[in-house]
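As numbered in our numbering, residues 37 to 353 make up the sequence shown, in order. Backbone N, C-alpha and C define an ideal beta-carbon position, used for all residues, glycine too.
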Amino acid sequence: MRRLLIMMILLTGLAFTATAQFRNSNTTSSNVGTIVGPPGTDEAMANMQNDTTSVAVDSLAGFSLKRMIRGYAGKDTLTPGYMFAGAVIVPGASQMYNKDWWKLPIAYGMMGGGVYGGIAFNRKWHETGDPRFKTYRNLSYAGAGLAYWASLLDGVACYKTDASKPVPAKSTLYSVLLPGLGQINNGDWWKLPIWVGGFAACGYALHLNNMEYQRFKYIYTVDNDPNSGYNGGIPASKAEWYKDLYRKYRDYSVVSFVAVYALNIIDANVFAYMADFDVSDNIASVQLHPAIMEPAAPMLADGYALPSFGLKLDVNF
37 MRRLLIMMIL
47 LTGLAFTATA
57 QFRNSNTTSS
67 NVGTIVGPPG
77 TDEAMANMQN
87 DTTSVAVDSL
97 AGFSLKRMIR
107 GYAGKDTLTP
117 GYMFAGAVIV
127 PGASQMYNKD
137 WWKLPIAYGM
147 MGGGVYGGIA
157 FNRKWHETGD
167 PRFKTYRNLS
177 YAGAGLAYWA
187 SLLDGVACYK
197 TDASKPVPAK
207 STLYSVLLPG
217 LGQINNGDWW
227 KLPIWVGGFA
237 ACGYALHLNN
247 MEYQRFKYIY
257 TVDNDPNSGY
267 NGGIPASKAE
277 WYKDLYRKYR
287 DYSVVSFVAV
297 YALNIIDANV
307 FAYMADFDVS
317 DNIASVQLHP
327 AIMEPAAPML
337 ADGYALPSFG
347 LKLDVNF
């Protein structure tokens with residue numbers, strides 16, 4: 037179990053690393069080579085002033101709460117990562133930053149209604165014991181969570197950019213909120229079945245292994261109870277071995293699910309950056325031509341060395 041927890045922490049760390057690698061892929065040739073520092077530093081502010089696009093350097097390294105407050109106050113430009121972090125803390129903050137004020141009553145109404153309904157139905161369930169109220173309670177809380185998630189996704193989708201190519205920050209956040217959506221934003225539609233299939237396989241393995249684990253756990257329990265009347269063909273010792281085996285497989289299924297989720301985020305982030313790469317047929321060229329080679333050896337005794345003729349090979353990437 038300790039090794040399992042360590043693996044899950046490492047895999048989850050990959051996802052957070054991917055979400056922290058937000059940078060501006062929309063810089064033009066006029067600001068290529070500028071020094072980019074963490075948000076809030078002098079280098080980053082200078083780069084933002086020189087940038088010809090509306091997307092600044094997006095990195096959560098050197099996080100500054102002061103800059104976030106200034107951005108929401110309209111005194112600074114927030115990057116998608118900063119805007120998303122603020123919306124996670126304060127629901128509806130991204131709508132405020134995007135100036136979609138009309139969406140706030142809808143978002144708060146749905147979230148507030150879900151929470152209120154959950155509390156009310158929970159009280160009725162405890163008073164009456166009717167299982168229907170328990171179901172209504174769970175659905176109400178789920179609706180409130182869905183409204184919160186939708187507000188985060190809407191904030192990322194409505195963040196205005198002038199980019200003609202995918203913005204890595206938005207693609208990454210899309211995949212964080214809805215796996216596969218970042219690949220769609222990058223134009224990699226063909227990858228969608230791969231990720232959907234990966235999650236489906238992990239979900240099926242989790243369901244199957246958990247079902248078998250519960251089965252052998254029940255056999256192990258009733259076989260050790262002399263009053264259960266169990267007379268099956270599987271003894272408790274063998275049931276215990278299978279119970280532990282399928283529990284381990286179930287845990288591995290959870291780790292696989294987390295790994296697929298993390299790889300989905302990394303894939304969206306990396307291929308959004310690669311959208312700017314030249315992948316044409318002329319990406320590399322090789323030329324062979326005659327050339328005069330300057331002498332590299334020490335001078336001769338009479339004070340000079342003669343150049344030599346040869347072939348020069350130019351390889352351009």
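Local conformation of residue i per DSSP, three classes
i	result
residue 295	helix
residue 195	coil
residue 330	coil
residue 306	helix
residue 275	helix
residue 280	helix
residue 185	helix
residue 134	coil
residue 141	helix
residue 116	helix
residue 234	helix
residue 170	helix
residue 109	coil
residue 87	Bear in mind that a pLDDT of 44 at residue 87, under 50, signals an unreliable position, so the model cannot answer this.
residue 148	helix
residue 215	coil
residue 301	helix
residue 255	helix
Separation of residue j from residue i, as counted between CA atoms
i	j	result
residue 247	residue 100	47 Å
residue 113	residue 206	16 Å
residue 250	residue 165	27 Å
residue 227	residue 162	47 Å
residue 362	residue 232	No answer is possible for residue 362: the residues shown for the chain start at 37 and end at 353.
residue 348	residue 223	41 Å
residue 133	residue 167	42 Å
residue 189	residue 295	22 Å
residue 131	residue 154	25 Å
residue 182	residue 306	28 Å
residue 184	residue 245	32 Å
residue 270	residue 255	8 Å
residue 104	residue 110	10 Å
residue 280	residue 257	13 Å
residue 229	residue 325	49 Å
residue 140	residue 252	50 Å
residue 221	residue 272	53 Å
Residues that DSSP places opposite residue i in a beta bridge
i	result
residue 325	348
Of the listed residues the options, nearest to residue i (C-alpha basis)
i	options	result
residue 288	347, 276, 237 and 222	237
residue 282	330, 272, 242 and 310	242
residue 202	191, 187 and 218	218
residue 191	302, 136 and 310	136
residue 308	204, 171, 175 and 106	204
residue 234	290, 311, 310 and 122	290
residue 143	180, 292 and 102	180
Any chain C beta carbon closer than 8 Å to residue i
i	result
residue 189	Absent here is chain C; the protein component of the structure consists of one chain.
Any chance the region 209-217 sits against the region 145-164, with 3 or more Cβ pairs inside 8 Å?
No, because fewer than three Cβ pairs between the region 209-217 and the region 145-164 fall closer than 8 Å, the two stretches do not touch.
With contact counted as at least three CB pairs below 8 Å, one residue from each stretch, are the region 184-199 and the region 273-280 in contact?
Too few Cβ pairs lie closer than 8 Å, so no.
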